[in-house]
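**Student:** Got a structure for you, questions after.
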Amino acid sequence: MPHRTPEEARRFGRYVIENGERIDVMVARSASTPAGEGLDFETAWSRRRAVRVMDGAEVQRPCIADLITTKRWASRAKDLADIQYLETPRRCAVPV
Numbered sequence: 002m003p004h005r006t007p008e009e010a011r012r013f014g015r016y017v018i019e020n021g022e023r024i025d026v027m028v029a030r031s032a033s034t035p036a037g038e039g040l041d042f043e044t045a046w047s048r049r050r051a052v053r054v055m056d057g058a059e060v061q062r063p064c065i066a067d068l069i070t071t072k073r074w075a076s077r078a079k080d081l082a083d084i085q086y087l088e089t090p091r092r093c094a095v096p097v
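Residue numbers for the sequence shown, in our numbering: 2 to 97.
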């Protein structure tokens with residue numbers, strides 16, 4: 002269930018769906034980070050990735066670089082922690 006009306010979502014640029022999992026839905030045509038780094042919907046959509054969430058269902062999410070940009074929009078403590086996690090290189094464990 003969305004937590005904002007369509008009018009509120011347009012004003013804030015996003016809304017959230019929660020039903021066991023939280024999904025942020027961006028509705029802004031474009032936005033910029035406090036440092037002026039911009040991202041528009043068409044660019045983000047062209048670089049999106051499909052993620053399977055269960056059998057027969059998938060969601061579209063921004064590529065990692067665009068996801069980091071969207072988290073910089075608000076720069077809340079959780080967003081900054083998420084950015085740090087997303088920027089951490091993943092290493093495969095090598096059996097010894």
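Every residue gets a Cβ at the ideal spot worked out from N, C-alpha and C, and that includes glycine. Here the structure is a predicted model, which means the values were calculated and not measured.
Taking the beta strand (DSSP E) that Glu88 falls in, what are its first and last residues?
**Tutor:** No beta strand (DSSP E) holds Glu88; the alpha helix (DSSP H) holding it covers 78–88.
**Student:** Whose CA, out of Pro63, Ala75, Arg77, lies closest to the CA of Thr44?
**Tutor:** Among Pro63, Ala75, Arg77, the Cα nearest to that of Thr44 is on Pro63.
**Student:** Taking the alpha helix (DSSP H) that Glu43 belongs to, which residues open and close that run?
**Tutor:** Where Glu43 is concerned, the enclosing alpha helix (DSSP H) stretches over 42–47.
**Student:** Please identify the residue among Val28, Glu59, Ile84 whose C-alpha is closest to the C-alpha of Asp41.
**Tutor:** Closest by alpha carbon: Val28.
**Student:** May I ask which residues mark the beginning and end of the alpha helix (DSSP H) holding Arg73?
**Tutor:** Start and end: 65–75.
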